[in-house]
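So the structure is just underneath, and the comments pick up after that.
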Amino acid sequence: DKNKIEYKKLGINPENIKIIMNGLAKVTQEGGTASETRWIIKNMGGKTGTSQVRRITLAERQSGIKTNEQLNWEQRNHGLFVGLAPIKKPKYSVAIITEHSGNSSTAARVAAEIMKEALKND
Numbered sequence: 023d024k025n026k027i028e029y030k031k032l033g034i035n036p037e038n039i040k041i042i043m044n045g046l047a048k049v050t051q052e053g054g055t056a057s058e059t060r061w062i063i064k065n066m067g068g069k070t071g072t073s074q075v076r077r078i079t080l081a082e083r084q085s086g087i088k089t090n091e092q093l094n095w096e097q098r099n100h101g102l103f104v105g106l107a108p109i110k111k112p113k114y115s116v117a118i119i120t121e122h123s124g125n126s127s128t129a130a131r132v133a134a135e136i137m138k139e140a141l142k143n144d
């Protein structure tokens, strides 16, 4: 096929790739940090994260840090999720940032819905 793109090999040990892909798959399975996505899509893997948006002072650390729910909206952490599907042979990827959501759950659910739509015609 003249439109096929050839990618340069990166020289990464295939066993290491297998370990990483297994870890990404576990994120979206029961007990994983994005396990709630398994009810939306079964064959997605990914990585969750948060991004701190404010400085936590020494005084706050000494008196006890407030939870995200106790903070004003604009002080809450951003939620992050990067995913790929289908996990066995990835064809699609997605990256979601949910500003001031406090955690990665919303970002993971949004990513799962997008991925579900992307895979509908496969």
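Residue numbers in the sequence shown follow this note's numbering, run continuously in steps of one, and reach 144 at the last position. No residue lacks a Cβ here, since even glycine has one placed at the ideal position from N, Cα and C.
| query | result |
| --- | --- |
| If you measure between the beta carbons of I63 and A134, is that distance less than 8 Å? | yes |
| So for I42, helix, strand or coil by DSSP? | helix |
| What are the boundary residues of the beta strand (DSSP E) that K69 is part of? | G67 to S73 |
| Checking the sheet assignment: what are the DSSP bridge partners for S115? | L106 |
| Straight-line CA distance for S126 to N143? | 27 Å |
| Look at M137 and M43 and say whether their C-beta atoms are less than 8 Å apart. | no |
| Write down the C-beta distance between S123 and R98 rounded to the nearest angstrom, noting that I regard them as a contact closer than 8 Å. | 7 Å |
| Keeping to the same chain, check which residues put their C-beta closer than 7 Å to that of S73; ignore five residues upstream and five downstream. | N99, H100 and L102 |
| Comparing C-alpha positions only, which one of A107, W61, K30 and E121 sits nearest to A140? | A107 |
| Which residues share a DSSP beta bridge with H100? | S73 |
| How far does the alpha helix (DSSP H) with Q84 in it reach, from first residue to last? | L80 to S85 |
| At a threshold of 7 Å, does M66 count as lining the ligand SAM (C-beta to nearest heavy atom)? | Absent from the structure shown: the ligand SAM. Ligands present: none. |
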